[in-house]
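Numbering (full-length UniProt numbering), first residue to last: 1 to 284. Built from N, CA and C at the ideal position, the CB exists for glycine as well. Note that the structure is a prediction, hence the values are computed from the model and not measured. Read the structure below first, then the notes.
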Amino acid sequence: MNYRHIFHAGNPADVMKHAVQALILTHLRAKEAPFCVLDTHAGIGRYDLASVEAQKTLEFEEGIACLYGRPAPHPAVFPYLDAVAALNGGGALRWYPGSPRIARALMRPQDRMVLAELHPADAGTLKEEFAGDRQVAVHETDAWLALKAYLPPKEKRGLVLVDPPFEQPDEYGRMAEALAKAHRRWSTGIYALWYPIKERPAVWRFHDAIERAAIPKTLVAELTWHPEDTHLRLNGCGLVIVNPPWRLDETLREMLPALHGALPHSGGGAKVDWLVPESAEKPA
């Protein structure tokens, strides 16, 4: 409840997460049928990079500021950069779109979005951000309750984005358990679960828990910008993606190295692997 994303908005982790999110939504737009987006940790929607908080850390200078107004490092990054540009009216970089604004930029009239945010002040700001928007519903509620309450959606197609602040020591375990339960409720949806890379053993345990659930078609995409030699900083981040769109893995294998090259880094790189293939059986 103490986490405030404004200090980190637009940093390299946001760039990776939101570029992939935009790419997934672009795939969903390819079919006329409506889709639904459920964002379980929605934040406030947009972030002022000129605010005292953002200026205190300047994390965006090593993220979106390295891409905005410059040639895209890969064509697959265009949907993300277009969403950022739209929020800034095509002018100088001032506002950064959180995941709700990224999604809203790519929704069509037939699509819908459900936003869950537990922090009371942030939930209030989020409601103001989308006031009067009939395609967006904002709920001040716990993320894990939202997965129970709003799945499956009536649209039968869509994306569930799970992006915890990782304030609690059991966050990895809660995510893996929540994914298994949500997938039983809605097995055909696309799920994208974001996680930080600080200490690799924690990530290994998280992946092992998901692998034991044997949820078919589970992809792992990671981007690191520092060597994994310390737990004192954010070395990178990853996404576990269930039911990724067709050939998303191939696109990410090209896009993520291009992003790595465009962002400041002291090492690291990109990795895309299948955690669970299309056909999987649960262990006896």
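Starting from Y195, follow the beta strand (DSSP E) in both directions and report where the run begins and ends. I190 to I197
Once you ignore the five residues that flank A86 on each side, which residues in its own chain have a CB closer than 7 angstroms to its CB? A105
Mind the definition here: the region 123–140 touches the region 6–19 only if three or more C-beta pairs lie below 8 angstroms; say whether that holds. no
Taking the DSSP output, what are the residues bridged to T218? V242 and V276
Whole-Å CB distance - A22 paired with A83, under 8 angstroms assumed: 6 angstroms
Rounded to the nearest angstrom, what separates D208 and V276 at their Cα positions? 10 angstroms
For L25, is the classification buried or exposed, using 16 other Cβ atoms within 10 angstroms of its Cβ as the cut-off for buried? buried
In this structure, does DSSP put R101 in helix, strand or coil? helix
At the level of alpha carbons, what is the spacing between K198 and P227? 10 angstroms
With distance defined between alpha-carbon atoms, name the residue in F35, E254 and V20 nearest to Q135. F35
Quick one: Cα of R112 to Cα of A270, how far? 32 angstroms
Boundaries (first-last residue) of the beta strand (DSSP E) holding R46: R46 to D48
On a Cα-Cα basis, can you pick out the residue from I44, E250 and Y96 that is closest to L115? I44
First and last residue of the alpha helix (DSSP H) that includes D122? P120 to E129
Pull up the distance between the alpha-carbon of Y172 and that of A202, whole angstroms please. 8 angstroms
Mark W274 as exposed unless 16 or more other C-beta atoms lie within 10 angstroms of its C-beta, in which case mark it buried. exposed
At the level of alpha carbons, what is the spacing between H74 and Q55? 28 angstroms
Just to confirm my understanding: we take I210, look at its own chain, exclude 5 residues before and 5 after, and list those with CB closer than 7 angstroms. What are they? A176, L179, T218, V240 and L275
Near R108, what residues of its chain come up, given a Cβ to Cβ distance below 6 angstroms and the 5 sequence neighbours on each side ignored? none
Selected residue, minimal CA-CA separation from L252, among L234, S51, D229 and A221: A221
With distance defined between alpha-carbon atoms, name the residue in P196, R29, Y150 and A149 nearest to D163. P196
Would a C-beta distance cut-off of 8 angstroms place G124 and V160 closer than the cut-off? no
Coil, strand or helix - L145 by DSSP: helix
For T40, I'd like the list of residues in its chain whose CB is within less than 6 angstroms of its CB, leaving aside the five on either flank, ordered along the chain. A116, A143, A146 and V162
Decide if V15 is buried, meaning its Cβ has at least 16 other Cβ atoms within 10 Å, or exposed. buried
Check whether the Cβ atoms of residue 331 and R46 sit closer than 8 angstroms, and answer yes or no. Since the displayed the chain opens at 1 and closes at 284, residue 331 lies outside it and no answer follows.
Which same chain residues, not among the five before or five after V272, have their C-beta less than 6 angstroms away from its C-beta? A221, D249, L252 and R253
For A76, count the other beta carbons within 10 Å of its own beta carbon; 16 or more makes it buried, fewer makes it exposed. Which is it? buried
For K181, does the count of other Cβ atoms within 10 angstroms reach 16, so buried, or fall short, so exposed? exposed
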